[in-house]
Amino acid sequence: MRRASRRTQSGSNMAYGHCLEPDWLPHVEAIIDVVSDGNCGYRCIASGLRLADVDGWRIVRRRMYDEIIGYEDLWREVLGSSFEIVNNAVHCPEKQERGHLSKNG
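Residue numbers are given in UniProt numbering: position 73 of the sequence shown equals residue 73, and the series is strictly consecutive.
See the structure below:
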């Protein structure tokens with residue numbers, strides 16, 4: 001099974017350090033290389049919040065969705081015409097368990 005993220009300490013192998021502005025490097029504690037599966041942004045946030053277990057990204061995505069729906073009027077005002085795009089992007093269907101489809105029904 002592939003790991004959800006790999007943490008690279010700033011003092012050691014900075015594989016992506018060359019992508020940062022040199023002035024930023026002293027302030028970087030770690031670079032996190034997450035699985036690029038379409039949920040990588042959520043995985044980055046989950047890792048930063050120490051929720052980097054297998055479904056940590058799902059928790060982040062669900063909470064973002066709950067925030068947008070819970071304060072829909074506010075977010076419609078803030079996001080304007082982009083509200084539906086953001087709302088659809090963070091909507092995350094519930095995880096289906098294995099065996100949710102069976103031969104007998």
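We treat Cβ as the ideally placed atom computed from N, Cα and C, and that holds for glycine.
Residue i versus residue j - alpha carbon distance
| i | j | result |
| --- | --- | --- |
| residue 77 | residue 56 | 29 Å |
| residue 53 | residue 89 | 22 Å |
| residue 50 | residue 26 | 22 Å |
| residue 28 | residue 22 | 10 Å |
| residue 20 | residue 35 | 20 Å |
| residue 67 | residue 84 | 14 Å |
| residue 47 | residue 33 | 10 Å |
Close-in-space but distant-in-sequence residues of the same chain around residue i (CB under 7 Å, 5 per side omitted)
| i | result |
| --- | --- |
| residue 45 | 60 |
| residue 42 | 57, 60 and 61 |
| residue 75 | 68 and 83 |
Proximal residues to residue i (C-beta, below 6 Å), its chain only, five neighbours per side dropped
| i | result |
| --- | --- |
| residue 86 | 79 |
| residue 16 | 31 |
Cβ distance (whole Å) where residue i is taken to contact residue j below 8 Å
| i | j | result |
| --- | --- | --- |
| residue 40 | residue 65 | In fact, because the Cβ distance is near 17 Å, the residues do not count as touching under 8 Å. |
Opening and closing residue of the alpha helix (DSSP H) in which residue i lies
| i | result |
| --- | --- |
| residue 54 | It is not in any alpha helix (DSSP H) - residue 54 carries neither H nor E in the DSSP assignment. |
| residue 89 | 83–90 |
| residue 79 | 72–79 |
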